[in-house]
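Each residue of the sequence shown is one higher than the one before, counting from 1 in UniProt numbering. Backbone N, C-alpha and C fix where the C-beta goes; we use that ideal spot for every residue, glycine too. Keep in mind that this is a model prediction, so the values were computed, not measured.
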Amino acid sequence: MEPVSALSPFAKMLPLLLGLSAISNLAVLINPIFMMQVLDRVLPTGNLHTLALLLLIAALALLLQAVVDGLRDSSFRAAAGFAERNLAPLILQTPLVDRVANLQELKKVVRFLRGPAAIAALSLPWLPLFLAVLWLIHPWFVALTSGLICLSAALRLTTRGMSKAPEAALAQARTAEDHATENAQQFSQSVGVPGVASNLRNQVVRTMQARSRLEDRLTPFTTQSAALSGFLRAMGQLLGLSLGAMLVVQDALSAGGMIAASLILIKTVTSFETVVTTWPDISAAKSAYMHLKSVAMPRSNAETHIPKLSGALRCDGLIFPRTGGAAPRLEKVSFALPAGSCTAIVGASGSGKSTLLEALSGLAPCPIGTVWLEDTEIKTLPVASHTAHIGYLPQQAQLFAGTLAQNIAGFAPESADEDIITAAKMAGVHGLISALPQSYDTDIGATPHVLSAGQKQRVALARAIFHEPQYLFLDEPNALLDAAGERQLCAVLARLRKEGITIVMVIHRSGLMGLADHVLALENGRLADFGSRSEVLGRMSGGRRRIDLPLRHDSLQDLVDWVGAQFTRGNDAELSTRTELIASELFNLARASGPQDEPRTVSFAFCFLSDHSCEVTVTENRITEAARKMEKVTRLMLQPETDMGRLPGDEAALAVIAQLSDRFDIDNVAGQATYRAAVSMRPVALQGGLRH
């Protein structure tokens, strides 16, 4: 970032504009001088040659004025266009927190250059010249002009002071009306809540009526001010002629001087009124210019495109502070990812997951710390390279007014149809789009509700991978998808992962966890854990995946639901089902292994042992006889002819657990009974004709 250099041409244009303004303002004296010469020279002498010569000179001078005025206006328009073409792209690359304010300041400058305020501002330095000419004609004209200027200024300031509050209220009312109209329009497509739609329509009517009442209050100020200003101008002209006539009668002035002074007087007063009227725009433009001049913006010169990146990613000491002394969003986050890996970022709401994802993708770089894509620091990555190598899918993707093809291509001006279709097929939305009446030419702006939120999310995924990026960042990509959409998303991400794309995704729902090679856990902006999926999930289970349940019949479903919630991968259905069955039998075993007439509570704990195995542990504060009974069950299981269905409830549970689990232990230690069963995804055949 460097101090903005795009404003420097405005300073170079100022001498030219002042020169054009000088010629234009001096040309104001053409008519007064012509009238003075005609009345004082032509009429007394009757010399028509002199009249013709004066007329020719005046005509040439007026022609020059017209040319100069055209050049001046063209220069202002060119300056406004230059500002928009050169500053707007740079402002759009500034940090988001300042971007809107900077664009508003730019609009003030452009509005000033294209409006009457710019011409009035350049006319202001020449008002003393007009007063000097009036002084040369007669000092009394200066006094009269000064008095009229003071009256005009007092009228403008009084009107502005009285109308300031109503104008502010009117601006707020117009904003409220716009918001109400927008809300009513957005809700018009909603169904099922007619009362809300009716209330929103009524709100639009109320805001329109409020705005109309405020306009009615403000109208008297504006109309009366305009009428009084017109009266002052007319009286000024009459007073100027009267003063001139008095001086002519006293032989202190010629008739030509009288007319010339009257014309110059009115021009001076009118110019001053214009300056006073446009002064808020002049002051706002000056303030906006100084603000933009102090803003640091990206360099606009050509940047070197980085053709290829490996996919490796590393971040060092990422810190994203908050204002007001609050805890930072991110605090000293450091880790590294190999090329072609898939990483899941997990954590509670507000832990900094989205902030980290935006920092890694370069959308909102951390003020402190660095992110490296291979050996390239992401803050220095040119825009073209960023677009080519990085794909990003926000949590709530937005499609913009335009066709679906344009949205997928990111509104790139030259995009091949085959590239758009390839991206749509890769994202799994080609069939969806092809089924629309206008297919890829469907205008989202004209038909914003033709796609559901989940379908828009999938189209946005096609946009994220359109440029075939080497890095893909996803913020809860399955948050708006149903089960079928989530399965299709898993298939898409699996294909992208197979192609060697580095994927980093924030997940809240567990359906995508099975794709992850690594898991990164955040807590309050800090890196709580990072490593392979099995290691991190195993550590996360330690001491945190525990539930206490009363040994009642209605607690069994709670246990099954709790065990099922531990599995976060789409391909864990078999392991989850077997573990739920084992946990149910452990629950039944604990119930049957103690007194039935008193309240009892057991603790269940769950942990992953590897990617494909887990362990369920049950603990109760009493000694159990289950270990002795297990010896009996084990002997019976060795006899194929034994009908396990005839066993008592606790022994039947022991048999089921022993056959379904890889390892089953029962311990009595320090007055506690502990049942521990390990289970994996390998198939286990039940023996002994078990009927359960």
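Work out the CA separation of residue j and residue i for me, nearest whole Å.
i	j	result
residue 669	residue 630	17 Å
residue 588	residue 562	16 Å
residue 244	residue 251	10 Å
residue 672	residue 320	48 Å
residue 274	residue 476	57 Å
residue 652	residue 585	9 Å
residue 678	residue 564	16 Å
residue 520	residue 209	55 Å
residue 400	residue 447	11 Å
residue 214	residue 166	7 Å
residue 78	residue 306	35 Å
residue 147	residue 224	21 Å
residue 349	residue 648	48 Å
residue 220	residue 168	16 Å
residue 481	residue 567	19 Å
residue 278	residue 381	44 Å
residue 609	residue 582	16 Å
residue 2	residue 87	The pLDDT assigned to residue 2 is 45, lower than 50, so where the model puts this residue is not dependable, and the model offers no usable value.
If you run the structure through DSSP and keep just helix, strand and coil, what is residue i?
i	result
residue 518	strand
residue 231	helix
residue 673	strand
residue 630	helix
residue 332	strand
residue 678	strand
residue 567	coil
residue 490	helix
residue 368	strand
residue 47	coil
residue 253	coil
residue 476	coil
Smallest Cα separation from residue i: which of the options?
i	options	result
residue 615	438, 575, 228	575
residue 497	516, 336, 476, 317	516
residue 597	624, 621, 551	551
residue 334	318, 328, 327, 491	318
residue 445	39, 398, 413, 491	398
residue 122	146, 17, 463	17
residue 383	90, 49, 258, 42	90
residue 59	608, 27, 36	27
residue 204	222, 435, 178, 675	178
residue 658	53, 578, 175	578
residue 632	394, 267, 650	650
residue 308	389, 232, 65, 289	389
Leaving aside the five residues before and after residue i along the sequence, list all residues of the same chain whose C-beta is less than 6 Å from its C-beta, in chain order.
i	result
residue 190	With a pLDDT of 48 at residue 190, under the threshold of 50, the modelled position of this residue cannot be trusted; read the value that follows with caution. Counting only Cβ-Cβ distances below 6 Å, and skipping sequence neighbours, we find nothing.
residue 508	476
residue 192	Interpretation of residue 192 is limited by its pLDDT of 46, a score under 50 that renders its predicted location unreliable; the figure taken from the coordinates is listed afterwards. None.
residue 626	593, 666
residue 112	118, 281, 285
residue 451	none
residue 500	340
residue 462	408, 423, 424, 427, 429
residue 126	25
With a CB to CB cut of under 7 Å and the five nearest residues on each side skipped, what residues in its chain are close to residue i?
i	result
residue 522	345, 347, 351, 352, 353, 356, 528
residue 439	433
residue 558	549
residue 110	80, 83, 84
Going by beta-carbon coordinates alone, are residue i and residue j separated by less than 8 Å?
i	j	result
residue 611	residue 661	no
residue 474	residue 505	yes
residue 454	residue 485	yes
residue 207	residue 180	yes
residue 285	residue 132	no
residue 316	residue 369	yes
residue 276	residue 236	no
residue 465	residue 391	yes
residue 71	residue 14	no
residue 144	residue 228	no
residue 141	residue 151	no
residue 240	residue 212	no
residue 336	residue 374	no
Among the residues of its own chain, which have a CB less than 8 Å from the CB of residue i, if the five just before and after it don't count?
i	result
residue 365	359, 371, 378, 379
residue 494	515
residue 387	410, 467
residue 580	560, 563, 564
residue 530	335, 518, 519, 520, 521, 536
Could you tell me whether any Cβ in chain B is nearer than 8 Å to the Cβ of residue i?
i	result
residue 128	No chain B is present in this structure, which holds just one protein chain.
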